[in-house]
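Have a look at the structure below, then the notes.
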Amino acid sequence: MKYTKEHEWLRVEGNLVVVGITEHAATALGDVVFVELPEVETQVAEGDDVSVIESVKAASDILAPVDGEIVAVNEKLSDNPSLVNEDPLGAGWFFKMKLDDLSVLDQFMDEDEYNDLIA
Amino acid sequence: MGLNDLHVALGGKMVPFARYSMPVQYPAGVMKEHLHTRAAAGLFDVSHMGQVILQPKGSYEETARAFEALMPVDVLGVKPGRQRYGLFTNDAGGILDDLMFANRGDHLFVVVNAACKQADIAHMTARLSGVCEVIPVTDRALLALQGPQAETALARLVPEVTAMKFMDVGVFGDIWASRSGYTGEDGFEISIPMDRAKDFAVKLLDMPEVMPIGLGARDSLRLEAGLCLYGHDIDTTTSPVEAGLTWAIQKARRAGGDREGGFPGAARILRELAHGPARCRVGLRPEGRAPMREHTPLFAGNAALGEVTSGGFGPSVEAPVAMGYVPAAYAQIGTKLDGEVRGKRMAVTVAAMPFQPTTYKR
C-alpha cells in the first residue's frame, strides 16, 4: 500500500490501482454523508478533481493521484457513504484506475513514511 | 472561557467562533451528537452568548415600553416568569439581531447572539439608558440541555424544572433557567455563575442520558428545526416578514393593534405584512444526497432567484436540508427549483419547515 500527501491510499490489484482515503483523513473529515464518484472510462490527469466527498462539516475534493483511466467506481458509496468512515481502507474505496506504468507509484510514501507525516 | 478546560478534557475539537474558542465537535462526532440530542439529551456550552439585565430605574412597565420600541414584538404582554423571542430591527426594517427576553418580575433578562452582543449592548444603552440600567452579565456561563430526557436529567439537580412549560423562566437559587433552546427539542437553557458551571456541567455529563454536543451538531439541529442563524439566514438586509418570522410579530404591534407600529422599520414591516414581501425565506429539500450548502445559487430555468443561506445534511431527516431566499412567486411549497452545486444544476423542492417535528412541552 502507498500513500499520498493528500491522504489517499493506493493499492495495486493486478494491473489496476485502487484509491481510497486514509483513516486519518476519514476521521478528520467527520461523518461522510455524500460521495460524488467519477465517471468510469474517463481519462484523468494527476491532480484533477475526480471525486467529491461531503461530510457533515464540509465538502472536500479527491484528486487523481496519477495520470490514468478510471475503470471502476465503488457504487456502494452512493447509498452508504458512511462506509468511508466505517472501513476507509477496505469497503470504503473510491475508484480503480488503469495506469500505463505502475512504477509511477514508487514516488509515493510507504506506511511508515505516511505515519511520520501524520504524527 | 470558564469551561474551556472541560471541553478540551472531553476531547472537543476547538475552533474560533465569534472571538471565542468553541468545540465544533467531540470524539463522538457531529452525526452521533445530533442523533443523541434527539434521542436522549445533549449538553451545549453557549456561554459566548450575551446575557443582559435591563434593570428599571422607574417602573417595569416604563422599561418594557422602551424595550418594545426597539422591536416589532409585544413586550408588555409578556407575563412575569415568561420568555419570548424578539428581533431588533433597523430603520430600513432589517434585522440587527434576534434574541430571547424574559419578564423576571421587576426587570427584563435578555439573551443575544455572541457576534452581535457588543452592538446590541451599545444599541440598548443608547436607546434605553433613560429608563433602565443596561447591565451585561459577564460572570455567568450559559448551558443548554436539549432533548427528550433533558427534564429527567436536569430535575436531579434542580427538581423545580419539571413544573416549567415551554418558554417559562425561573430563578432557583443562583440558577436562572428557561424551558427553551434552539434545537426544536424540549429542553432548557441554564444561566449559572461561572465558578459553579464546570461542576454543574460535569454532574450532568455523568448522567447516562447526557452527552456533550459541539457547534457542528448545534447547527444541524437548528437547521432541521427550521430556525434562523443570525448572519446567515437573517441579517440587516432581511426583514422579519421576508424571513418568515411573522409569528414573532404579535397582533398588538400590527395594523389595528393596540400599539401598532412604533418600532424601527415599521413602515416597511407593516407594508410587507399587508401586501406580502418581495422575497421569502423557504425550506429546501435537495433531491439525492448531495448537500446544498450556504451560497448555493438557486434557479428556476435560467432565472437566478437567490441563494441558500444555510444548508447541510440533516442526520434525523436522513437527507440534505437547506433554507434560502427566493422571490415570493417561487415560495409555494412543492415548487421545483434548481441549485447549482459545483457547476451542476441539481433539483431541489421548496418544502415546509421545520424539517423535523418539534417537541416543545407546551
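Residue numbers (the numbering used here), protein chains in the order written: chain A, 1070 to 1188; chain L, 1220 to 1581.
From the three backbone atoms N, C-alpha and C, an ideal C-beta is built for every residue, glycine too.
Computed from a predicted model, the values in this text were never measured in an experiment.
Anticipated Cβ contact below 8 Å, residue i with residue j, distance rounded
{"i": "H1255 (chain L)", "j": "G1261 (chain L)", "result": "6 Å"}
{"i": "D1387 (chain L)", "j": "G1305 (chain L)", "result": "At roughly 17 Å, the Cβ-Cβ gap does not stay under 8 Å, so D1387 (chain L) and G1305 (chain L) are not in contact."}
{"i": "M1166 (chain A)", "j": "I1139 (chain A)", "result": "6 Å"}
{"i": "M1290 (chain L)", "j": "D1358 (chain L)", "result": "M1290 (chain L) to D1358 (chain L), Cβ: 27 Å. No contact."}
{"i": "L1229 (chain L)", "j": "Y1245 (chain L)", "result": "6 Å"}
{"i": "V1380 (chain L)", "j": "V1271 (chain L)", "result": "About 23 Å separates the two Cβ atoms, so there is no contact after all."}
{"i": "M1250 (chain L)", "j": "V1330 (chain L)", "result": "Between V1330 (chain L) and M1250 (chain L) the Cβ distance is about 28 Å, and since that is not below 8 Å, they are no contact."}
{"i": "A1372 (chain L)", "j": "L1364 (chain L)", "result": "6 Å"}
{"i": "G1433 (chain L)", "j": "G1231 (chain L)", "result": "6 Å"}
{"i": "F1328 (chain L)", "j": "F1320 (chain L)", "result": "7 Å"}
{"i": "H1326 (chain L)", "j": "L1273 (chain L)", "result": "6 Å"}
{"i": "T1282 (chain L)", "j": "V1350 (chain L)", "result": "5 Å"}
{"i": "V1088 (chain A)", "j": "W1162 (chain A)", "result": "7 Å"}
{"i": "V1125 (chain A)", "j": "G1558 (chain L)", "result": "That pair is no contact at about 18 Å."}
{"i": "G1435 (chain L)", "j": "V1243 (chain L)", "result": "5 Å"}
Sequence-distant residues of its chain with Cβ nearer than 8 Å to residue i (five each side left out)
{"i": "H1093 (chain A)", "result": "H1076, I1187"}
{"i": "G1366 (chain L)", "result": "H1255, T1256, R1257, A1258, A1259, A1260, G1261, T1402, E1404, D1405, G1406, E1428"}
{"i": "Q1575 (chain L)", "result": "R1257, G1403, E1443, A1444, G1533, S1535, V1536"}
{"i": "L1492 (chain L)", "result": "V1460, T1465, I1468, R1473, A1474"}
{"i": "T1577 (chain L)", "result": "G1403, E1404, A1444"}
{"i": "S1278 (chain L)", "result": "none"}
{"i": "P1107 (chain A)", "result": "V1113, V1119, S1120, I1139, V1142, F1164"}
{"i": "K1417 (chain L)", "result": "G1221, L1222, D1224, L1225"}
{"i": "S1439 (chain L)", "result": "V1249, H1253, G1531, F1532, G1533, P1534"}
{"i": "I1488 (chain L)", "result": "P1291, T1308, G1312, S1458, P1459, V1460, I1468, F1482"}
{"i": "E1182 (chain A)", "result": "Y1072"}
Identity of the residues DSSP links to residue i by a beta bridge
{"i": "M1241 (chain L)", "result": "L:V1234"}
{"i": "A1566 (chain L)", "result": "L:D1557"}
{"i": "K1167 (chain A)", "result": "A:L1085, A:E1138"}
{"i": "G1533 (chain L)", "result": "L:A1538"}
{"i": "C1499 (chain L)", "result": "L:V1545"}
{"i": "S1124 (chain A)", "result": "A:V1101"}
{"i": "P1355 (chain L)", "result": "L:V1271"}
{"i": "F1482 (chain L)", "result": "F1482 (chain L) is not bridged to any residue."}
{"i": "Q1112 (chain A)", "result": "A:E1138"}
{"i": "M1430 (chain L)", "result": "L:G1261"}
Own chain partners of residue i with C-beta closer than 6 Å, once the 5 adjacent residues on each side are dropped
{"i": "T1073 (chain A)", "result": "P1134, F1177"}
{"i": "M1572 (chain L)", "result": "G1445, G1502"}
{"i": "T1554 (chain L)", "result": "V1569"}
{"i": "I1453 (chain L)", "result": "I1314, C1447, A1462"}
{"i": "Y1544 (chain L)", "result": "R1498, R1500, G1525"}
{"i": "M1426 (chain L)", "result": "A1372"}
{"i": "A1160 (chain A)", "result": "L1152"}
Residues near residue i by beta carbon distance below 7 Å, same chain, minus five either side
{"i": "Y1593 (chain L)", "result": "Nothing about residue 1593 (chain L) can be reported from this structure: the residues present for chain L run from 1220 to 1581 only."}
{"i": "D1117 (chain A)", "result": "L1132, A1133"}
{"i": "V1377 (chain L)", "result": "F1391, I1394, A1396"}
{"i": "T1455 (chain L)", "result": "N1309, G1313, I1314, L1315"}
{"i": "N1154 (chain A)", "result": "A1095, D1100, V1101"}
{"i": "F1103 (chain A)", "result": "E1123, P1150"}
{"i": "V1173 (chain A)", "result": "V1135"}
{"i": "K1422 (chain L)", "result": "L1376"}
{"i": "G1481 (chain L)", "result": "A1288"}
{"i": "H1514 (chain L)", "result": "E1526, V1527"}
{"i": "S1529 (chain L)", "result": "L1442, L1448, H1451, D1452, E1513, A1541, M1542"}
{"i": "A1141 (chain A)", "result": "V1109, F1164, K1165"}
{"i": "V1353 (chain L)", "result": "V1271, L1273, I1340, M1343, T1344, L1347"}
{"i": "P1546 (chain L)", "result": "A1497, R1498, L1524"}
{"i": "E1115 (chain A)", "result": "A1133, P1134, V1135, D1136"}
{"i": "Q1551 (chain L)", "result": "V1569"}
Listed by chain order, chain C residues near residue i by CB distance under 8 Å
{"i": "F1391 (chain L)", "result": "The question asks about chain C, but that chain is absent: this structure's protein chains are A and L."}
Proximal chain L residues relative to residue i, where beta-carbon distance stays under 7 Å
{"i": "K1140 (chain A)", "result": "Strictly speaking, residue 1140 (chain A) in this sequence is Val, with Lys absent from that position. Near V1140 (chain A) there are no residues of chain L at all, since even the closest Cβ is about 23 Å away, more than 7 Å."}
{"i": "G1083 (chain A)", "result": "Correct list: empty, because the minimum Cβ distance to chain L is about 31 Å."}
{"i": "G1089 (chain A)", "result": "Those do not exist, as G1089 (chain A) stays about 19 Å from chain L at its closest Cβ, beyond 7 Å."}
Chain L contact residues for residue i, given Cβ-Cβ distances below 9 Å
{"i": "K1126 (chain A)", "result": "V1243, Q1244, V1249, G1435, G1531"}
{"i": "G1137 (chain A)", "result": "Near G1137 (chain A) there are no residues of chain L at all, since even the closest Cβ is about 22 Å away, more than 9 Å."}
{"i": "T1116 (chain A)", "result": "The sequence shown places Gly at residue 1116 (chain A), rather than the Thr named in the question. Those do not exist, as G1116 (chain A) stays about 17 Å from chain L at its closest Cβ, beyond 9 Å."}
Within chain A, the residues that residue i reaches when beta carbons sit closer than 9 Å
{"i": "P1510 (chain L)", "result": "V1102, F1103, E1123, V1125, A1128"}
Chain A residues whose Cβ lies nearer than 7 Å to that of residue i
{"i": "R1561 (chain L)", "result": "V1121"}
{"i": "S1439 (chain L)", "result": "V1125"}
Any non-hydrogen atom of the ligand ZN closer than 7 Å to residue i Cβ
{"i": "G1300 (chain L)", "result": "Among the components of this structure there are no ligands whatsoever, and the ligand ZN is therefore not found."}
Beta-carbon neighbours of residue i, restricted to chain L and to distances below 8 Å
{"i": "G1161 (chain A)", "result": "Neighbours of G1161 (chain A) on chain L: none; closest Cβ ~16 Å, over 8 Å."}
Subject >> Minimum length 4: unbroken alpha helix (DSSP H) runs contained in the region 1279 to 1312 of chain L >> reply: 1279 to 1287
**OP:** Taking only runs that begin and end inside the region 1358 to 1396 of chain L, name each unbroken beta strand (DSSP E) of 3 or more residues, in chain order.
**Re:** DSSP runs (the beta strand (DSSP E)) wholly in the region 1358 to 1396 of chain L: 1359 to 1365, 1388 to 1391.
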